[in-house]
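Add 262 to a position in the sequence shown, counting from 1, and you land on the number used in our numbering. Only one structure is covered here, and it is reproduced in the block below.
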Amino acid sequence: MLAVAVLAAGKGTRMKSDLPKVLQPLAGATLVERVLSSCQGLAPQRSLLIVGHQAERVRSTLKANADLEFVLQQPQLGTGHAVQQLLAPLAGFEGDLLVLNGDVPLLRPETLEQLLARHRASGAAVTLLTARLADPTGYGRVMANAEGEVSAIVEHRDCSDDQRRVDLINAGIYCFNWTRLAAVLPTLSSDNDQGELYLTDTVAMLSPAMHMQVADADEINGINDRLQLAQCGALLQQRLREHWMREGVSFIDPVSCTLSEGTRFGRDVVVEPQCHFRGQAQIGDGCRIGPGCLIDNASLGEGVEIVYSVVRGATVDAGCAIGPFAQLRPGAVLERECRVGNFVEIKNSRIGSGSKVNHLSYIGDADLGTNVNVGAGTITANYDGLRKHRSVIGSGSKTGANSVLVAPITLGEGVTVGAGSTLTKDVPSGSLALGRAKQLIKENWQGPS
Ligand code: UD1
Ligand code: CA
Numbered sequence: 263m264l265a266v267a268v269l270a271a272g273k274g275t276r277m278k279s280d281l282p283k284v285l286q287p288l289a290g291a292t293l294v295e296r297v298l299s300s301c302q303g304l305a306p307q308r309s310l311l312i313v314g315h316q317a318e319r320v321r322s323t324l325k326a327n328a329d330l331e332f333v334l335q336q337p338q339l340g341t342g343h344a345v346q347q348l349l350a351p352l353a354g355f356e357g358d359l360l361v362l363n364g365d366v367p368l369l370r371p372e373t374l375e376q377l378l379a380r381h382r383a384s385g386a387a388v389t390l391l392t393a394r395l396a397d398p399t400g401y402g403r404v405m406a407n408a409e410g411e412v413s414a415i416v417e418h419r420d421c422s423d424d425q426r427r428v429d430l431i432n433a434g435i436y437c438f439n440w441t442r443l444a445a446v447l448p449t450l451s452s453d454n455d456q457g458e459l460y461l462t463d464t465v466a467m468l469s470p471a472m473h474m475q476v477a478d479a480d481e482i483n484g485i486n487d488r489l490q491l492a493q494c495g496a497l498l499q500q501r502l503r504e505h506w507m508r509e510g511v512s513f514i515d516p517v518s519c520t521l522s523e524g525t526r527f528g529r530d531v532v533v534e535p536q537c538h539f540r541g542q543a544q545i546g547d548g549c550r551i552g553p554g555c556l557i558d559n560a561s562l563g564e565g566v567e568i569v570y571s572v573v574r575g576a577t578v579d580a581g582c583a584i585g586p587f588a589q590l591r592p593g594a595v596l597e598r599e600c601r602v603g604n605f606v607e608i609k610n611s612r613i614g615s616g617s618k619v620n621h622l623s624y625i626g627d628a629d630l631g632t633n634v635n636v637g638a639g640t641i642t643a644n645y646d647g648l649r650k651h652r653s654v655i656g657s658g659s660k661t662g663a664n665s666v667l668v669a670p671i672t673l674g675e676g677v678t679v680g681a682g683s684t685l686t687k688d689v690p691s692g693s694l695a696l697g698r699a700k701q702l703i704k705e706n707w708q709g710p711s
């Protein structure tokens, strides 16, 4: 039997934030979500989250996790006090308890599997994850012998000078035999620099206590302040980029680009400098992205080329060319081989294949047929101050420069709109529509003198 408990009740004073530390975002997911997902593969019988500081906020962020049991720690008197709160909900539970700090977000699932396997094979009362760090500042030091047996953990601030030189640190990840831990939990004392009940003190009370050193020390980075948050963010980005480079994506300047875990690339994609992918971003084979693009929850078909542009919540089919300086907003759908040029914004609109919106346009709440040519400066006036209305432009139509289509309005197929027209009425297929003042010429006119 396995129970997993994540400690997430602390305030995170060192973050200097109104947000509880475990809700700080890291590459699109909160710290606590990352910790929870690192142990999902272990299929625990029980999953408990210890909440306290802003408990409601943490709870509501995670309410989709139906199997998660929330345990309230109020007030928060330390990590040992946090785990004491499990005595009631885990009364009668027999098996192992995996305890994870809610602020250690880069753990690999395989590392936890190994830790559990090692713990079960050795029959230790506790097995904890450790690392050797060049700079162990801030972490609890693990006093261990050559056989991997741990005698004690001493927090950084409680260390003697000699102890502080130990470079083996406690990652804050432990496998306990629950029955053995439950027996010693009530005896913890707060006789330390912070006056808190330390979970780490249980290790000296349990025998045998073993440790497992993690191969990649980057995995156990704990986050206490924004500097560490940024450093973990950089490591995560490096992992993501390396993964996709191995899958066949070319990055021209990798460190200048950021990815989300939901980003998916096809083959032979080239990512130029300064490109950012967020949420579920799907990039088809042979796309060329950037420089300077933001692709957020959007999907691009094969061979799309896009330069200095923002694509959010949009779908772009194969062979389209976008930018520079275009913005595709939610609900924009570009069918194959469209061209969207500079200073063009498209929102909640379908643009038929082969259509061109090349310069200085706003297309909102519109349906364009195929091979439409939208002239420079064409605007769909979709909002009457109260409601949004749709504009329809039939296939093969052309709008002249600086046209305004006041929605709701339908232009049939093969319509031509004269430059500078403001149209308020529907236009039948095959017509020329003009909606501008007639040009007036006064010959030999003298201005006021
Ligand atoms: C802890 C360990 C330290 C280890 C380090 C690894 C203790 C005493 N020290 O130190 O040995 O090297 O993690 O990152 O455990 N929390 C609660 N309730 C509380 C206090 C904290 O739930 O009353 C939670 C926090 O939300 C956090 C986790 O426990 O997720 C760790 O707390 P934190 O204060 O960050 O411990 P560290 O000082 O980093
Ligand atoms: Ca910490």
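Think of the CB as a built atom: it goes at the ideal place given N, C-alpha and C, for glycine as much as any other residue.
Comparing C-alpha distances from Pro371 to each of Ile415, Arg403, Ser611 and Ile435 shows the shortest one belongs to Ile435. Assignment of beta-bridge partners to His621 by DSSP yields Asn604. In this chain, the alpha helix (DSSP H) harbouring Ser322 covers Ala317 to Thr323. In this structure, Leu352 places its C-beta atom within 9 Å of the C-beta atom of Leu359. Between Arg601 and Ala580, the CB-CB gap reaches or exceeds 9 Å. In this structure, DSSP gives Ser659 a state outside helix and strand, which the three-state scheme calls coil. In the three-state DSSP reduction, Glu509 falls in the coil class, being neither helix nor strand. Distance from the CA atom of Ala379 to the CA atom of Ala328, rounded to whole angstroms, is 27 Å.
Here the segment 655-673 makes contact with the segment 626-633; the two share three or more CB pairs at distances below 8 Å. Under the three-pair Cβ rule at 8 Å, the segment 523-533 counts as touching the segment 545-554. One thing to note: Gly457 has its Cβ no nearer than 9 Å to the Cβ of Asn432. If you look at His343, you'll find it in the alpha helix (DSSP H) that goes Thr341 to Gln346. With a cut-off of 8 Å, the C-beta of Thr640 is classified as distant from ligand 1, since no heavy atom of the ligand falls inside that distance. Assignment of Met263 by DSSP, reduced to helix, strand and coil, places it in the coil class. Residue burial is scored here from C-beta neighbours: His381 has at least 16 other C-beta atoms within 10 angstroms and is therefore classed as buried.
Here DSSP, grouped into helix, strand and coil, assigns Thr462 to helix. Every alpha helix (DSSP H) stretch that sits fully inside the segment 464-504 and reaches 4 residues is listed by chain position as 464-467. Residues Gly546, Asp547, Gly548 and Ala580 of the same chain have their beta carbon placed closer than 6 Å to that of Glu564, with the five preceding and five following residues left out of the count. In this structure, the CA atom of Arg427 is about 39 Å from the CA atom of Arg508. The three-state reading of DSSP puts Pro287 in strand, counting E and B together. Here the C-alpha atom of Ser561 lies approximately 24 Å from the C-alpha atom of Leu622. In the DSSP assignment, the residues bridged to Tyr436 are Val361 and Leu390. Thr275 and Thr441 have their C-alpha atoms roughly 33 Å apart. Spanning the alpha carbons of Ala350 and Asn559 requires a straight line of approximately 43 Å.
Rounded to the nearest angstrom, the gap between the Cα atoms of His315 and Leu374 is 27 Å. For Asn486, the shortest C-beta to heavy atom distance toward ligand 2 is below 8 Å. Secondary structure note for Gln425: it is in no beta strand (DSSP E), and the uninterrupted alpha helix (DSSP H) holding it is Asp423 to Arg426. With a cutoff of 9 Å on beta-carbon distance, Leu362 and Val297 are scored as near each other. For Thr373, the enclosing alpha helix (DSSP H) starts and ends at Pro371 to Ser384.
Short of 7 Å from the beta carbon of Glu705, and not among the five residues preceding or following it, lies no beta carbon of its own chain.
Note on Met474: 16 or more other CB atoms within 10 angstroms of its CB, so buried under the neighbour-count rule. Here the alpha carbon of Glu481 sits roughly 19 Å from the alpha carbon of Trp506. Gly593 carries a coil assignment under DSSP once its states are collapsed to helix, strand and coil. Exclusion of the five residues before and after Pro690 leaves Gly674 as the residues of its chain whose Cβ lies within less than 7 Å of its Cβ. Taking 8 Å as the cut-off, one finds at least one heavy atom of ligand 1 near enough to the beta carbon of Tyr460. Its Cα nearest to that of Asp420, the residue Ser452 stands out among Ala406, Lys700 and Ser452.
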